[in-house]
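Residue numbers (the numbering used here): 29 to 179.
Where is the CB? At the ideal position from N, CA and C, for every residue including glycine.
Take a look at the structure:
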């Protein structure tokens, strides 16, 4: 795998620290995250998303969903049960896992549900009014006075 030196990016930009940190995290990961458990990310509306994770064999009490510093952390830990069963083949994986999803700014976790072996996590983008585009009225006539100017 190639390694990239991102130090010129740090020296030549101001205010893009989050992007640089995200690139550092992605580069450090090197693709070591396993594919277990499988998941889907779907867009359910203009500003709504759903993450669906296959969690067959896990009960609600085995699952944990947390939001920490713009990261969604989903984990599961199954208590080992000695029930005297002898398996000839055990293909349903119930091994512990932790999966992290980096959330963009203004993404809020609305809730989670567990149904038919699937964990569904609903997300919504809530952009504050101050950051939404606004239309500036154009008037004819005199120029508007600038703040702090003397007429």
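### Task
Report yes if the C-beta distance between residue 151 and residue 81 is below 8 Å; otherwise report no.
no
### Query
When burial is assigned at 16 or more other CB atoms within 10 Å of the CB, is residue 149 buried or exposed?
buried
### Query
So, using beta-carbon positions, are residue 147 and residue 140 closer together than 8 Å?
yes
#### Entry: Same chain, Cβ closer than 8 Å to residue 156, five either side skipped, listed in chain order
134
### Query
Which residues in the same chain have their Cβ closer than 7 Å to the Cβ of residue 86, if we skip the five residues on either side of it in sequence?
104, 106 and 122
### Residue environment, residue 143, which counts as buried when at least 16 other CB atoms sit within 10 Å
exposed
### Query
Contact check, residue 126 vs residue 101 under 8 Å by CB: the rounded distance?
7 Å
### Query
Ends of the beta strand (DSSP E) at residue 151?
146 to 153
### Task
Determine the closest residue to residue 193 out of 166, 138, 171 and 165, with distance taken between C-alpha atoms.
In the structure as shown, the chain starts at 29 and stops at 179, and residue 193 therefore has no counterpart that could be examined.
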